[in-house]
């Protein structure tokens, strides 16, 4: 029996909501459009003043009315909204990927499958997570980002972060917690071949420019942006692990360790594990 009869490719959509993030949204469309088809992407722009990315094409882009509020309230509202969007889309899709504009879900290239092929084969009950890879800049070795070139051709190091080991992929209606960090009322499962690459800390100058964004400062996001700068500081002053066994060790730790305040989130137990990103990921994003 042909393999595609056993595992027919599922219909998969990716959703996000963003404001003042045209740079990352353009990359988001480029990557997920290649993996899933642009017609299966849903972008909700926070504010009627927001420009539609130039490469949107067949992407489903919607403008939502801007509500100015503190980041904590805004995140609860945003994820409540996106959870409702996902529930409706599950009437026509088998799987929904919910991620921020600077987050890219990758299948290990060693596995030899596209994202859609891989997600069609694995169990998702009700969610699955990729290992969180917080990509940063080593200020001693790496230049300011060339925005026209691939991220992973210019950055070689990352902090393994439980913060980005998110239940981003769902196959049943659920309620995401703020930032997609958990699914309310459900545990999580970290897949051995999935990685969630976060690029919000990819460039120090870009982080500095975000402090000039009055929208972000007015809604209390200064602390969030400082966390991104801290990732760069940790990477710059650490000796990275180069053996791939550390990725497996981190995955196992996050699968069993839980923060006291949230049984359905992973944790690294304050371990700042910096790794060299395997060369096979170069150029994918």
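Residue numbers (this note's numbering): 29 to 313.
Positions of the beta carbon are idealized from the N, C-alpha and C atoms, including for glycine.
Worksheet item: Can you name, in chain order, every residue of its own chain whose Cβ lies under 6 Å from the Cβ of residue 315, other than the five neighbours on each side?
Response: A query on residue 315 cannot be resolved here, the shown segment of the chain reaching from 29 to 313 and no further.
Worksheet item: What distance in whole Å lies between the Cβ atoms of residue 110 and residue 88, which are believed to be in contact at a cut-off of 8 Å?
Response: What you label residue 88 is simply residue 60 of the chain shown in a count that begins at 1. What you label residue 110 is simply residue 82 of the chain shown in a count that begins at 1. About 14 Å separates the two Cβ atoms, so there is no contact after all.
Practice prompt. Identify which residue in 210, 215, 263 has its Cα closest to the Cα of residue 231.
Written response: Within the chain shown, residue 231 is the residue found at index 203, counting from 1. When each option's Cα is compared against that of residue 231, the closest is 263.
Item to complete: Pair every Cβ in the region 126-136 with every Cβ in the region 207-215, then say whether three or more of these pairs are closer than 8 Å.
Response: yes
Fill in: Close beta carbons around residue 119, own chain, < 6 Å, minus the five adjacent residues each side
If you number the chain shown from 1, residue 119 lands on position 91. Answer for residue 119: no residue qualifies.
Practice prompt. Below 6 Å CB to CB, which residues in the same chain sit around residue 132 once its five sequence neighbours on both sides are set aside?
Written response: Here residue 132 refers to the residue found at position 104 of the chain shown. So the qualifying residues of the chain are 59, 225, 313.
Practice prompt. Would you mind sorting residue 204 into buried or exposed? The rule is 16 or more other CB atoms within 10 Å of its CB.
Written response: Position 176 of the chain shown, counted from the start, is the residue given in the question as residue 204. By the 10 Å Cβ count, residue 204 comes out buried.
Worksheet entry | Length of the line joining the Cα atoms of residue 162 and residue 63 | In the chain shown, residue 162 corresponds to position 134, counting from 1. In the chain shown, residue 63 corresponds to position 35, counting from 1. Rounded to whole angstroms, residue 162 to residue 63 spans 21 Å at the Cα level.
Practice prompt. Assess, as a yes-or-no matter, whether the region 294-301 is touched by the region 189-202 under the definition of 3 or more beta carbon pairs within less than 8 Å.
Written response: yes
Practice prompt. Have a look at the DSSP bridge pairing and note the partners of residue 88.
Written response: As a working mapping, residue 88 is identified with position 60 in the chain shown. Beta-bridge pairing links residue 88 to 70.
Worksheet entry | Sequence ranges, beta strand (DSSP E) only - wholly within the region 78-151, length at least 3 | 88-92, 123-126, 131-135
Practice prompt. Leaving out five residues on either side along the sequence, give the residues of the same chain with a beta carbon under 6 Å from the beta carbon of residue 66.
Written response: Along the chain shown, read from residue 1 onward, the residue named residue 66 stands at position 38. Here the set comprises 85, 86, 87.
Discussion item. Quick check on DSSP: helix, strand or coil for residue 269?
Written reply: Walking along the chain shown from the start, residue 269 turns up at place 241. Of the three classes helix, strand and coil, the one that applies to residue 269 here is strand, per DSSP.
Worksheet item: Is it the case that the Cβ atoms of residue 219 and residue 288 are separated by a distance below 8 Å?
Response: Working through the chain shown from its first residue, we reach residue 219 at position 191. Working through the chain shown from its first residue, we reach residue 288 at position 260. Contact: no.
Fill in: Rounded C-alpha distance that separates residue 286 from residue 292
On the chain shown, residue 286 is found 258 positions in, with the first residue counted as 1. On the chain shown, residue 292 is found 264 positions in, with the first residue counted as 1. The alpha-carbon atoms of residue 286 and residue 292 are separated by roughly 7 Å.
Fill in: Cutoff 8 Å; reference residue 113; Cβ partners in own chain excluding five residues on either side
Numbered from 1 along the chain shown, position 85 holds the residue referred to as residue 113. 43, 70, 72, listed in sequence order.
Worksheet item: Which same chain residues, not among the five before or five after residue 137, have their C-beta less than 6 Å away from its C-beta?
Response: Position 109 of the chain shown, counting from 1, holds the residue named residue 137. Counting only Cβ-Cβ distances below 6 Å, and skipping sequence neighbours, we find 308.
Discussion item. Just to confirm the assignment, what range does the alpha helix (DSSP H) spanning residue 45 have?
Written reply: The count along the chain shown starts at 1 and reaches residue 45 at position 17. Segment 40-46 is the beta strand (DSSP E) holding residue 45; no alpha helix (DSSP H) there.
Item to complete: Just the C-alpha distance for residue 195 and residue 213, rounded to the nearest angstrom, thanks.
Response: In the chain shown, the residue the question calls residue 195 occupies position 167. In the chain shown, the residue the question calls residue 213 occupies position 185. Going by the C-alpha atoms only, they are around 12 Å apart.
Worksheet item: Can you list, in chain order, the residues of its chain whose CB lies under 7 Å from that of residue 178, leaving out five sequence neighbours each side?
Response: Working through the chain shown from its first residue, we reach residue 178 at position 150. Closer than 7 Å at the Cβ level, and outside the excluded window around residue 178, lie 311, 313.
Worksheet item: How long is the line joining the alpha carbons of residue 303 and residue 117, rounded to whole angstroms?
Response: Here residue 303 is taken as the residue at index 275 of the chain shown, counted from 1. Here residue 117 is taken as the residue at index 89 of the chain shown, counted from 1. When rounded, the distance between both Cα atoms is 37 Å.
Worksheet entry | Cβ-based neighbour list, residue 39, same chain, cut-off 8 Å, excluding 5 preceding and 5 following | Mapped onto the chain shown, residue 39 falls at position 11. Excluding residues within five positions, the ones whose Cβ falls inside 8 Å are 68, 120, 121, 122, 123.
Fill in: Neighbourhood of residue 115 by C-beta distance below 7 Å, restricted to the same chain and skipping five residues each side
One-based indexing of the chain shown puts residue 115 at position 87. Answer for residue 115: 201, listed in chain order.
Item to complete: Could you tell me if residue 261 is buried or exposed, where buried requires 16 or more neighbouring beta carbons within 10 angstroms of its beta carbon?
Response: Indexing the chain shown from 1 puts residue 261 at position 233. Burial call: exposed.
Discussion item. Can you give me the C-alpha to C-alpha distance between residue 272 and residue 279, rounded to a whole angstrom?
Written reply: By one-based count along the chain shown, residue 272 stands at place 244. By one-based count along the chain shown, residue 279 stands at place 251. Computed Cα separation, rounded: 11 Å.
Discussion item. My output table needs one value for residue 29: the three-state DSSP class, helix, strand or coil.
Written reply: As a working mapping, residue 29 is identified with position 1 in the chain shown. Interpretation of residue 29 is limited by its pLDDT of 38, a score under 50 that renders its predicted location unreliable; the figure taken from the coordinates is listed afterwards. Reduced to three states, the DSSP call for residue 29 is coil.
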